[in-house]
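Each residue of the sequence shown is one higher than the one before, starting from 14 at the first, in my numbering.
In this text, a Cβ means the ideal position worked out from N, Cα and C, and glycines have one as well.
Data block below; observations after.
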Amino acid sequence: MSIVYENGVFTLQTAHSTYQMKISEHGHLLHLYYGSRISDADVSYLIPRVVRSHESNPAEAGEDRVYSLCAYPQEFSSNDAGDYRVPSIELINPDGSYAFVGKYRTHTIYHGKYRLSTLPTLFARQNENADTLEIVLEDEVTHVSVKLLYSTFYEKDIITRSAILYNSSEGEIRLQRLMSASLDFMTCDYDMIDFFGHHYLERQTDRHPLTHGINEIGSFRGASGHFHNPFVILCDHNTDEDRGNAYGFCLMYSGNFVFDAEVDGYSQTRVAMGIHPKQFEFKLAKGETFEAPEVAMAYSADGLSELSHRYHDIFRENACDSKFVSAQRPILINSWEPFYFSFDSEKLIRTAESAKALGVELFVLDDGWFGTRNDGRSGLGDWVANEQKLPGGIPALADKIHQMGMKFGLWFEPEMVNEDSDLYRAHPDWVLRVPNRAPSRSRHQLCLDLSRPDVCAHLIQAVNDVLDAGGVDYVKWDYNRYVCDVYSQYYPANRQGEIYHRYILGLYKILDGIIKTHPHILFEGCSGGGGRFDGAMLTYFPQIWCSDNTDAISRLTIQYGTSFAYPVCTMGAHISACPTKKTKRTVPFKTRAVTAMHGTFGYELDPAKMSEEEIDECSEYTTFYKKHRVLIAYGDYYRLSSPYDDSIFTAWQFVSKDRGQSLVCAVTQDISILDRNCYIHLRGLESDSLYEIPQTGQTLSGAALQNIGILLPHTQPQYNAFIFEIKKLNTKTI
Ligand code: DGJ
Numbered sequence: 014m015s016i017v018y019e020n021g022v023f024t025l026q027t028a029h030s031t032y033q034m035k036i037s038e039h040g041h042l043l044h045l046y047y048g049s050r051i052s053d054a055d056v057s058y059l060i061p062r063v064v065r066s067h068e069s070n071p072a073e074a075g076e077d078r079v080y081s082l083c084a085y086p087q088e089f090s091s092n093d094a095g096d097y098r099v100p101s102i103e104l105i106n107p108d109g110s111y112a113f114v115g116k117y118r119t120h121t122i123y124h125g126k127y128r129l130s131t132l133p134t135l136f137a138r139q140n141e142n143a144d145t146l147e148i149v150l151e152d153e154v155t156h157v158s159v160k161l162l163y164s165t166f167y168e169k170d171i172i173t174r175s176a177i178l179y180n181s182s183e184g185e186i187r188l189q190r191l192m193s194a195s196l197d198f199m200t201c202d203y204d205m206i207d208f209f210g211h212h213y214l215e216r217q218t219d220r221h222p223l224t225h226g227i228n229e230i231g232s233f234r235g236a237s238g239h240f241h242n243p244f245v246i247l248c249d250h251n252t253d254e255d256r257g258n259a260y261g262f263c264l265m266y267s268g269n270f271v272f273d274a275e276v277d278g279y280s281q282t283r284v285a286m287g288i289h290p291k292q293f294e295f296k297l298a299k300g301e302t303f304e305a306p307e308v309a310m311a312y313s314a315d316g317l318s319e320l321s322h323r324y325h326d327i328f329r330e331n332a333c334d335s336k337f338v339s340a341q342r343p344i345l346i347n348s349w350e351p352f353y354f355s356f357d358s359e360k361l362i363r364t365a366e367s368a369k370a371l372g373v374e375l376f377v378l379d380d381g382w383f384g385t386r387n388d389g390r391s392g393l394g395d396w397v398a399n400e401q402k403l404p405g406g407i408p409a410l411a412d413k414i415h416q417m418g419m420k421f422g423l424w425f426e427p428e429m430v431n432e433d434s435d436l437y438r439a440h441p442d443w444v445l446r447v448p449n450r451a452p453s454r455s456r457h458q459l460c461l462d463l464s465r466p467d468v469c470a471h472l473i474q475a476v477n478d479v480l481d482a483g484g485v486d487y488v489k490w491d492y493n494r495y496v497c498d499v500y501s502q503y504y505p506a507n508r509q510g511e512i513y514h515r516y517i518l519g520l521y522k523i524l525d526g527i528i529k530t531h532p533h534i535l536f537e538g539c540s541g542g543g544g545r546f547d548g549a550m551l552t553y554f555p556q557i558w559c560s561d562n563t564d565a566i567s568r569l570t571i572q573y574g575t576s577f578a579y580p581v582c583t584m585g586a587h588i589s590a591c592p593t594k595k596t597k598r599t600v601p602f603k604t605r606a607v608t609a610m611h612g613t614f615g616y617e618l619d620p621a622k623m624s625e626e627e628i629d630e631c632s633e634y635t636t637f638y639k640k641h642r643v644l645i646a647y648g649d650y651y652r653l654s655s656p657y658d659d660s661i662f663t664a665w666q667f668v669s670k671d672r673g674q675s676l677v678c679a680v681t682q683d684i685s686i687l688d689r690n691c692y693i694h695l696r697g698l699e700s701d702s703l704y705e706i707p708q709t710g711q712t713l714s715g716a717a718l719q720n721i722g723i724l725l726p727h728t729q730p731q732y733n734a735f736i737f738e739i740k741k742l743n744t745k746t747i
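Spelled out as C-alpha cells, the structure:
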C-alpha cells in the first residue's frame, strides 16, 4: 500500500513524492507536507509553536494560545471559526449560522482509484498501482460531514483529490462553496505559472512571484474558458525546465472554476481550487450529497519538464477510455476555413479527391450542413441535413467519401440554438434566459438550458439519430459562446444558484449518452478554438481543437502553454492557407507543417487553390508525419526553448520512451538568426550513446547533442522551420 495511517498521521507515497497529514489533538486535520519523497513518520515539527496574538483559539484549546486554526496548516479549512484565509467550504446551516468545523471521524484505505458518480475523473487501469484514502470530517454540532478523497498513482507520481459533502444535519443546508482541494504551505517563496488568453490566443504563459493577498485566476463564463485554464503551477523562483520544485494543480472540470493562492500575513500560502463560488448556491435537503470535481496534483523536484511528463502520461493513459486514445490519429482535412457556409456535395467531393493527394485520411464537414444554416443567424439546433446542399443527406455524402478510401467526419454544436430555428420555435423555454429580460446573444446564438433533463434527452436523441444513420467516423463537438442570463425556467426561483453547475452535469450526461454509446467514433472537442481545453473534457475527447488561430507563429505560444499540462496527442493542429485570416501573416508551408506536427496534424485549406509543387511538398510533410506520429503522440515531450524568453527561435523535441528515437523541431521567429550562432540543446537522450542525424549528416553522442547542441543553419530567413530526426546507433561512445 502506498498509503499508511499510523499514530494519527496519514502518509501518501508515490515513486518520487510524499504527502502527509495529521489529526491534531483536537481532531482538526492538519496538512503537513507535500514534496520530495521522505520516509519520516511525522514531520509536524515544521509547525512552529508560537502564540499568534490577535488570532482566535478554538474553545477546546482552552488556555493553549498557540493553537489557532488560522496559523496552523489546514487540510480542509473550517468556516466562521477563526481561520480567515480563503475557506474550503462555505454554507448556511438550517439555523442560519455559517459555521462548519470538520473534525476527524473515520477513514478507509483501499486498493484502486475512487470514482465520482456525477463527475468525470481519472481512472486506474487494470494492474495499475493506485490506492485510495477516504477521510470523513464531521461538524460535531450540525453533523454535516465532508468526505475527502485521495488516490495515488504510484509510478505516475500523481495524487488526485476530491470532496463529497453529506448533509447529515436535521434540515436543509445551502452550500455556497466547496473546494476540491486545499492545502497550506508554510512559506510563500513561489512563482505562480498560469495560462491566460482569449479567443485566437489561448493558454499564453504567465509567470509571476506570489504576492501577499489572494493571487487568483478563474472563470465565471460557464466554461473553463479561453481566458484562464484550470491548470496552475506553483514553483520555486529558480525552477526551470530541468531543475527545481514544481507543483501542478489541474481541475477536472469544464465549468466555472477558481484557483486561489493566498499568501497570509505570516507569509504562509494557502492553495484552494474548485468550482467558482460566484452565483453558486446548492440547496441540499437532509440526506443529500454534493460532489466537488477532482483535482489532479503532481509534484516534481526536477523542474517543469518532469512535471509535464507526469501530466502527459496520466492524460494519455488514465483519462479517456476511447480506443482512439492509443491509436494513430487520422490526418484530417476540415471544410471550415476553406468554405465556411458555402459548399455543396460536389464541392466537398472535389475537395476530398484533391485532399487524397495530400495524404489525408479523414474528411471533416464542419458547420453549415444542417437545417437552414447558411450563415451564423439561423438553423442552429436543427440537426437534420440540408438536402439542397447535400442530396441524400449525410449517409450519401459519407458513402462517397468512404469510396475514396477516406473516413468521414461531421461537426455539431449541440449546446446552442439560433432563435431562427425549428427547435427554438418549438421550445422557447429551453434556453437560459432571465425572466422579463431580453437575452444577450453571442454569435447570434443562445445557450440551451442543459440543466433541464428534457433538453439533455432531446440532444442525446437528436445527435444519436444522425450518428446512427451511419457513415460518421469522427465528430467535432463545438461550443461557441459563453453562457450568461443564467436562469432556468425549469427550476424554482430559489434554486437558480445551482444552474451553472447543473449545466455542466447535464453536459457530462449528454456526452455519456452520445460518446460512450459510439465507441467506434473519434470525438474531437472544440470551443471557438480552445475555449474548453481541460482535464474533464479529455476524459471524453482524445483530442481538442487547440485554437481557431492557425497562424504557425501564434501557434508557438499557444501550443507551448498548452503543453505544460496536456500532451501533444490531444492538441488539434492544422496547416491552413496564408495569409491567415486573423494575423494576415504568411509563412512557408514547411513552418506551417512543423507547427501542425505539434499536434494531431491536418489541413484546413482548399487544395484546389494549391499549385502542384505545393501539393507535392505538403504530401511529403504528411508522409513524414505518418512516419513519426507514434513518437510525436506517445514519446516524452521537451520544451527546448521558450517562444517568450528566446524569441529568436522556438524548439521542442519528442523522445521515445526507450531513448532510441527522437525528433527535434524548431521555428525561427526573428531575423537576427542570420548572424547569431544558435544551438538547440537536446534533452532526454542517453549521454553515452551515439545518435545519427540524417538532416545534418552527423553522428554525435547524446552528451554532445545535449551539451553543445545542434547548430541551426545561419542563412535562413524569419519564420523558417527545421526538423531533425535523431536515431540511436547500437554503438556506445568510449
Ligand atoms: C468554431 C470552431 O473553432 C471552428 O473551427 C469552426 O468549427 C466554427 N466554430 C464553426 O462555426
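Legend entry - Every unbroken alpha helix (DSSP H) inside the stretch 522 to 583 [4 residues or more]: The qualifying runs are 565 to 575.
Legend entry - Ranges of the beta strand (DSSP E) found wholly within the stretch 157 to 205, counting only runs of at least 3: 158 to 166, 171 to 179 and 186 to 198
Legend entry - tryptophan 349: CB within 7 Å of a non-hydrogen atom of the ligand DGJ: Locating residue 349 in the sequence shown gives position 336, where the first residue counts as 1. Yes; taking the cut-off as 7 Å, the Cβ of tryptophan 349 has a heavy atom of the ligand DGJ nearer than that.
Inset, instruction - Report whether the distance from the Cβ of glycine 316 to the nearest heavy atom of the ligand DGJ is below 7 Å. - result: As a position in the sequence shown, residue 316 is number 303, starting the count at 1. When distances are taken from the beta-carbon of glycine 316 to the heavy atoms of the ligand DGJ, even the shortest one reaches 7 Å or more.
Inset, instruction - Along the beta strand (DSSP E) that carries histidine 221, what are the first and last residues, could you check? - result: By one-based count along the sequence shown, residue 221 stands at place 208. Looking at the DSSP string, the run of the beta strand (DSSP E) that includes histidine 221 is 214 to 222.
Inset, instruction - Report whether the distance from the Cβ of tryptophan 396 to the nearest heavy atom of the ligand DGJ is below 7 Å. - result: Position 383 of the sequence shown, counted from the start, is the residue given in the question as residue 396. For the ligand DGJ, not one heavy atom lies less than 7 Å from the Cβ of tryptophan 396.
Legend entry - Classification of arginine 450 by the beta-carbon crowding that lies within 10 angstroms, buried from 16 upward: Taking the sequence shown and counting its residues from 1, one reaches residue 450 at position 437. The residue is exposed, with fewer than 16 neighbouring Cβ atoms inside 10 Å.
Inset, instruction - Consider the C-beta atom of aspartate 561 and the heavy atoms of the ligand DGJ; say whether any pair is separated by less than 7 Å. - result: Here the question's residue 561 lines up with position 548 in the sequence shown. Yes.
Legend entry - Span separating the alpha-carbon of glutamate 699 from that of valine 677: Residue 699 sits at position 686 when you count from the first residue of the sequence shown. Residue 677 sits at position 664 when you count from the first residue of the sequence shown. Cα to Cα, glutamate 699 sits roughly 15 Å from valine 677.
Legend entry - Backbone secondary structure at isoleucine 721 - three-state DSSP: Here residue 721 refers to the residue found at position 708 of the sequence shown. In this structure, isoleucine 721 counts as coil in the three-state DSSP scheme.
Inset, instruction - Determine the direct distance from the alpha carbon of leucine 644 to that of glycine 372, and round the result to whole angstroms. - result: Start at 1 with the first residue of the sequence shown, and residue 372 comes out as number 359. Start at 1 with the first residue of the sequence shown, and residue 644 comes out as number 631. Their Cα atoms are separated by approximately 19 Å.
Legend entry - Cβ pair count under 8 Å reaching 3, the stretch 108 to 127 against the stretch 505 to 519: no
Legend entry - Close beta carbons around aspartate 301, own chain, < 6 Å, minus the five adjacent residues each side: Numbered from its first residue, the sequence shown carries residue 301 at position 288. Here residue 301 turns out to be glutamate, not aspartate, going by the sequence shown. Excluding residues within five positions, the ones whose Cβ falls inside 6 Å are Asn180.
Inset, instruction - Determine the contact status of leucine 718 and leucine 742, defining contact as a CB-CB distance below 8 Å. - result: Against the sequence shown, residue 718 aligns to sequence position 705. Against the sequence shown, residue 742 aligns to sequence position 729. For leucine 718 and leucine 742, no; Cβs fall outside 8 Å.
Inset, instruction - State the Cα-Cα distance for the pair tyrosine 634 and leucine 618, rounded to the nearest angstrom. - result: Taking the sequence shown and counting its residues from 1, the one referred to as residue 634 is at position 621. Taking the sequence shown and counting its residues from 1, the one referred to as residue 618 is at position 605. Cα-Cα distance, rounded: 15 Å.
Legend entry - Top-ranked residue by Cα proximity to phenylalanine 421, from His533, Tyr500, Gly510 and Leu393: The count along the sequence shown starts at 1 and reaches residue 421 at position 408. When only C-alpha atoms are compared, the closest one is His533.
Inset, instruction - Using only alpha-carbon positions, find the residue among Ala609, Trp382 and Ser358 that is nearest to aspartate 564. - result: What you label residue 564 is simply residue 551 of the sequence shown in a count that begins at 1. Of Ala609, Trp382 and Ser358, the residue nearest in Cα terms is Ala609.
Inset, instruction - Verify the contact flag: aspartate 412, CB atom, against every heavy atom of the ligand DGJ, threshold strictly below 7 Å. - result: As a working note, residue 412 is residue 399 in the sequence shown. Aspartate 412 Cβ: outside cutoff for every heavy atom of the ligand DGJ.
Legend entry - Cβ-Cβ distance between asparagine 399 and aspartate 379 below 8 Å: The residue labelled residue 399 in the question sits at position 386 within the sequence shown. The residue labelled residue 379 in the question sits at position 366 within the sequence shown. Contact flag unset, no.
Inset, instruction - With hydrogens ignored, establish whether the beta-carbon of aspartate 491 is closer than 7 Å to any heavy atom of the ligand DGJ. - result: Within the sequence shown, the letter at position 478 stands for residue 491. Yes; taking the cut-off as 7 Å, the Cβ of aspartate 491 has a heavy atom of the ligand DGJ nearer than that.
Legend entry - DSSP state of valine 9 mapped onto helix, strand, coil: This structure does not reach residue 9, given that the chain is present from 14 up to 747, and the question cannot be answered.
Inset, instruction - Specify the secondary structure class of tyrosine 692 as computed by DSSP and reduced to three states. - result: The residue you call residue 692 lines up with position 679 of the sequence shown. Correct three-state label for tyrosine 692: strand.
Inset, instruction - Would you mind reading off the limits of the beta strand (DSSP E) that contains alanine 143? - result: Start at 1 with the first residue of the sequence shown, and residue 143 comes out as number 130. It spans 143 to 152 - the beta strand (DSSP E) in which alanine 143 sits, taken as one unbroken run.
Inset, instruction - Would you list the residues sitting across from tyrosine 47 in a DSSP beta bridge? - result: Numbered from its first residue, the sequence shown carries residue 47 at position 34. The partner list for tyrosine 47 (beta bridge, DSSP) reads Tyr32.
Inset, instruction - Let me know the beta strand (DSSP E) ranges lying completely inside the stretch 633 to 708, each 3 residues or longer, listed in chain order. - result: 649 to 652, 662 to 668, 674 to 681 and 702 to 706
Inset, instruction - Report the residue ranges of all alpha helix (DSSP H) runs contained in full by the stretch 362 to 431; include only those spanning at least 4 residues, in chain order. - result: 406 to 416
Inset, instruction - Could you tell me whether any non-hydrogen atom of the ligand DGJ is closer than 7 Å to the CB of tryptophan 382? - result: Against the sequence shown, residue 382 aligns to sequence position 369. It does not: the Cβ of tryptophan 382 is nowhere closer than 7 Å to a heavy atom of the ligand DGJ.
Inset, instruction - Take every Cβ of the stretch 303 to 322, pair it with every Cβ of the stretch 337 to 353, and state whether three or more of those distances are shorter than 8 Å. - result: no
Inset, instruction - Would you list the residues sitting across from isoleucine 122 in a DSSP beta bridge? - result: Sequence index remark: in the sequence shown, residue 122 carries index 109 (1-based). Answer is Leu146, bridged to isoleucine 122.
Inset, instruction - Kindly examine the ligand DGJ and report whether one of its heavy atoms sits closer than 7 Å to the Cβ of glycine 541. - result: Along the sequence shown, one-based indexing puts residue 541 at 528. Indeed, a heavy atom of the ligand DGJ lies less than 7 Å from the Cβ.
Inset, instruction - With cysteine 263 as the anchor, note down where its beta strand (DSSP E) starts and where it stops. - result: Position 250 of the sequence shown, counted from the first residue, corresponds to residue 263. Start and end: 259 to 264.
Inset, instruction - Take tryptophan 476 and list the residues in its own chain whose beta-carbon comes closer than 7 Å to its own, dropping the five residues that flank it on each side. - result: On the sequence shown, position 463 is the one that residue 476 refers to. Note that residue 476 is valine in the sequence shown here, rather than tryptophan. Here the set comprises Trp396, Phe425, Pro427 and Ile527.
Legend entry - Beta-carbon proximity list for leucine 59, same chain, < 8 Å, skipping 5 on both sides: Position 46 of the sequence shown, counting from 1, holds the residue named residue 59. Here the set comprises Leu45, Tyr46 and Met199.
Inset, instruction - Please name the residue, chosen from Glu215, Val159, Glu183 and Pro243, that lies closest to glutamate 304 on a Cα-to-Cα basis. - result: For the purposes of this step, residue 304 is identified with residue 291 of the sequence shown, where counting begins at 1. It is Val159 whose Cα lies nearest to the Cα of glutamate 304.
Inset, instruction - Buried or exposed for alanine 621, please, with buried defined as at least 16 other CB atoms from any protein chain shown within 10 angstroms of its CB. - result: Here residue 621 refers to the residue found at position 608 of the sequence shown. Result: exposed.
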